[in-house]
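A.B. asks: In this note's numbering, the protein residues as written are 120 to 238. All C-beta atoms, glycine included, are put in the ideal place defined by N, C-alpha and C. Values in this document were obtained by computation on a predicted structure and should not be read as measured data.
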């Protein structure tokens with residue numbers, strides 16, 4: 120499986136899992152010149168920007184640690200742009216979550232880091 124297909128499969132798995140946790144999908148792969156957000160969801164009244172990461176056993180950095188401060192800043196800027204495009208959501212509480220998946224297991228429960236980082 121190529122990298123793009125693998126990433127799509129990871130996002131599919133994360134999306135399905137989050138929906139089973141009660142979150143509602145608003146946008147998938149929101150892109151702008153500043154970056155991309157994998158999933159934008161609602162958790163009750165909270166707007167949730169989700170980064171999905173998948174890493175193998177041989178990776179030097181685990182999935183959660185791979186979202187460094189530079190990547191966090193790109194996600195935050197992209198989220199701010201999203202909010203500027205949808206002003207009706209601008210006053211909604213927001214958080215940034217991370218879903219970490221092990222690439223060697225399709226059955227392992229994803230690791231969900233709620234409020235993984237803040238602006």
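Would you mind reading off the limits of the alpha helix (DSSP H) that contains residue 131?
C.D. replies: 122-139
A.B. asks: Just curious, the beta strand (DSSP E) that residue 172 is in, first and last residue?
C.D. replies: Here the beta strand (DSSP E) through residue 172 covers 165-174.
A.B. asks: Would you report the Cα separation of residue 161 and residue 121, rounded to the nearest angstrom?
C.D. replies: Taking the straight line joining both Cα atoms gives about 30 Å.
A.B. asks: Between residue 221 and residue 133, what straight-line distance do the alpha-carbon atoms span, to the nearest angstrom?
C.D. replies: 11 Å
A.B. asks: Of all the options 218, 225 and 141, which has the alpha carbon lying nearest to the alpha carbon of residue 233?
C.D. replies: 218
A.B. asks: Please report the residue range of the alpha helix (DSSP H) in which residue 152 lies.
C.D. replies: In the DSSP assignment, residue 152 falls outside any alpha helix (DSSP H) and carries neither an H nor an E.
A.B. asks: So, at 6 Å on beta carbons, what are the nonlocal neighbours of residue 215 in its own chain, with the 5 sequence-adjacent residues on each side left out?
C.D. replies: So the list reads 168, 235 and 236, once near-sequence residues are dropped.
A.B. asks: With a 10 Å radius around its C-beta and 16 neighbouring C-beta atoms as the bar for buried, classify residue 238 as buried or exposed.
C.D. replies: exposed
A.B. asks: Leaving out the 5 sequence neighbours to the left and right, which residues in its chain are closer than 7 Å to residue 148 when beta-carbon positions are compared?
C.D. replies: 155 and 157
A.B. asks: Could you give the distance in angstroms between the alpha-carbon of residue 191 and the alpha-carbon of residue 163?
C.D. replies: 24 Å
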